[in-house]
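In the numbering used here, the protein residues as written are 11 to 538.
All residues carry an ideal CB built from backbone N, CA and C; glycine is no exception.
A quick note: this is a predicted structure, and the numbers were derived from the prediction, not measured.
Only one structure is covered here, and it is reproduced in the block below.
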């Protein structure tokens, strides 16, 4: 059955056509996002939901979204999606962080010019029949210092434009590498230095706990007298009340804002000041940007629903269309290794260690780790999924460690999962051969070779003559048919393992008899 996608906000006809051309059934209801009750009523019929900003994806909506696999936000901000609730539900949330980049950067540059030359004020005065040529004295931008707070995707475009304008560009961004700064032609500085030196400050960072009020009253006081401040990123990065006071005192020469703490902004401390320019969140408002993000989200959602490729997800690692087929068997392997270990673990887990060796180490191991953790925790937490697994493990204080390295043994690719609990440490290893079928190849240091099967019986015992015969006879007498039998031992007379595929679930009374056999240390019925 073809995947079904609901579009609940306005998207271009070209975006709708992309879904159709890819063989996806589309229901285009551009005004539905405003009716949350109707959305909740029908969302259970869809595999994908494409939105802009009008649709609010709440826990109540997600509770009804029984089929939903992906939410695609045409734009950067995902404030209208409850990310934790979507993650817990196993729903991938995508955005389109690059479709608006040039448009938003250009708006910041336009705001800088408008501020420097008082263009909105001069326009209003002139159209009112005045000719106040001497009133509007601007400043040149050439040779001025442009300070950029946040030099990521949009900030780097602003930096390049600033360099082109012959400005001195400095940037504060903890994640900006020295090499990238050199490529952009900017000087990387700390925040204190930027505040002291910049003639113009422009903000291009997300709103987080660390960036909230990055231009606080205290930091505004540290700025150069006569500074001009531009915010086309997120409301809340600047203390608006403190900025108004700095404008009133003349310490800040002007401000240009496209975003506000409360939107729609019907009132604001900045409104009415003669040296302030305001626009109604127009950063992404160009024909090109709106078309770009709509087309991007349609392509991304189609790729995921049809091939498993994940682009620009905010709650899961990205996987390209080329990587998805290679990852698929290893995702299955990781999940089943985790499930194997989880079904044998009955005490609190402290640490999960996963080692990727050989060719598998070159793949997106974050996705594999999520699968392994989901498989491991599912016996105890039935509703866990690949998307939610990392956050669930973190909430429970479980440390997850990943290691990648070259192949060191007999396999081109090897995945080893180790569970550390309060009382013991247990490892299991697996691989995928050319047939694409996941296999267990090592349990607790003992070599075995077994495919995963829906019903299995795992037994550890002392290596004693006659044990296997008694074990097999017990199963046969109990009506349990053996499909395959994998054996391993660490040494003659030492610890041994039997991993048996059976034709159906092992009855409890038969399992109890296996546990009671001489030399048995552990017996467990497993399901995959």
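So what does DSSP say about residue i, is it helix, strand or coil?
i	result
residue 606	In the structure displayed, the chain extends from 11 to 538; residue 606 sits before or after that span and is not available.
residue 538	coil
residue 407	coil
residue 146	coil
residue 498	strand
residue 342	helix
residue 335	helix
residue 7	Limits of the chain in this structure are 11 at one end and 538 at the other, which puts residue 7 out of reach.
residue 163	helix
residue 21	coil
residue 122	helix
residue 229	helix
residue 28	helix
residue 467	strand
residue 398	coil
residue 492	strand
residue 112	helix
residue 217	coil
residue 479	helix
residue 96	helix
residue 350	helix
residue 136	helix
residue 248	strand
residue 412	strand
residue 35	strand
residue 224	coil
residue 417	coil
With which residues is residue i paired in a DSSP beta bridge?
i	result
residue 187	Note: residue 187 sits in no beta bridge, so no partner.
residue 157	180 and 211
residue 262	237
residue 242	For residue 242, which the question treats as bridged, DSSP gives no partner whatsoever.
residue 194	Looking at the DSSP assignment, residue 194 forms no beta bridge with any residue, so it has no partner.
residue 457	452
residue 104	82 and 323
residue 438	427 and 453
residue 507	470 and 498
residue 267	241 and 288
residue 281	DSSP output for residue 281 lists no bridge partner at all.
residue 14	35
residue 532	470
residue 91	67
residue 512	492
Rounded to whole angstroms, what is the Cα-Cα separation between residue i and residue j?
i	j	result
residue 543	residue 108	For residue 543 there is no data in the structure shown, the boundaries of the chain being 11 and 538.
residue 499	residue 505	6 Å
residue 478	residue 531	14 Å
residue 282	residue 327	45 Å
residue 237	residue 252	14 Å
residue 47	residue 91	16 Å
residue 185	residue 157	16 Å
residue 298	residue 372	37 Å
residue 42	residue 65	8 Å
residue 341	residue 468	23 Å
residue 329	residue 256	47 Å
residue 99	residue 11	22 Å
residue 368	residue 526	41 Å
residue 383	residue 117	44 Å
residue 183	residue 51	44 Å
residue 348	residue 232	53 Å
residue 242	residue 275	14 Å
residue 263	residue 285	7 Å
residue 190	residue 114	21 Å
residue 413	residue 394	24 Å
residue 6	residue 365	Here the chain covers residues 11 to 538 and nothing more, so residue 6 does not appear.
residue 496	residue 508	6 Å
residue 7	residue 511	Only positions 11 to 538 of the chain appear in this structure, which leaves residue 7 out of reach.
residue 397	residue 319	14 Å
residue 14	residue 287	44 Å
Should residue i be flagged as near chain C, meaning a C-beta pair shorter than 7 Å?
i	result
residue 323	Looking at the structure shown, chain C is missing, and only one protein chain is on hand.
Under 8 Å, with one C-beta from each stretch per pair, do the stretch 187-202 and the stretch 132-140 reach the 3-pair mark? no
Counting pairs of beta carbons, one from the stretch 303-318 and one from the stretch 17-36, are three or more of them closer than 8 Å? yes
At a cut of 8 Å, does the stretch 78-87 reach the stretch 122-133 through at least three beta carbon pairs? no
Does the pairing of the stretch 449-468 with the stretch 511-519 give three or more beta-carbon distances under 8 Å? yes
Whole alpha helix (DSSP H) runs in the stretch 291-335 with 4 or more residues, listed along the chain? 297-317
Taking contact to mean 3 or more Cβ pairs, one atom from each stretch, closer than 8 Å, check whether the stretch 243-263 and the stretch 218-229 are in contact. yes
Length at least 3, wholly inside the stretch 42-88: the beta strand (DSSP E) runs in chain order: 58-61 and 80-83
Touching or not, the stretch 449-460 and the stretch 359-377, by the rule of three or more beta carbon pairs under 8 Å? no
Determine, using beta-carbon pairs with one atom in the stretch 168-180 and one in the stretch 205-223, whether at least three such pairs fall under 8 Å. yes
At 3 residues or longer, and completely inside the stretch 352-379: list those beta strand (DSSP E) runs for me, N to C. 359-368
For the structure I just gave you, are there three or more beta carbon pairs, one from the stretch 352-359 and one from the stretch 413-432, closer than 8 Å? yes
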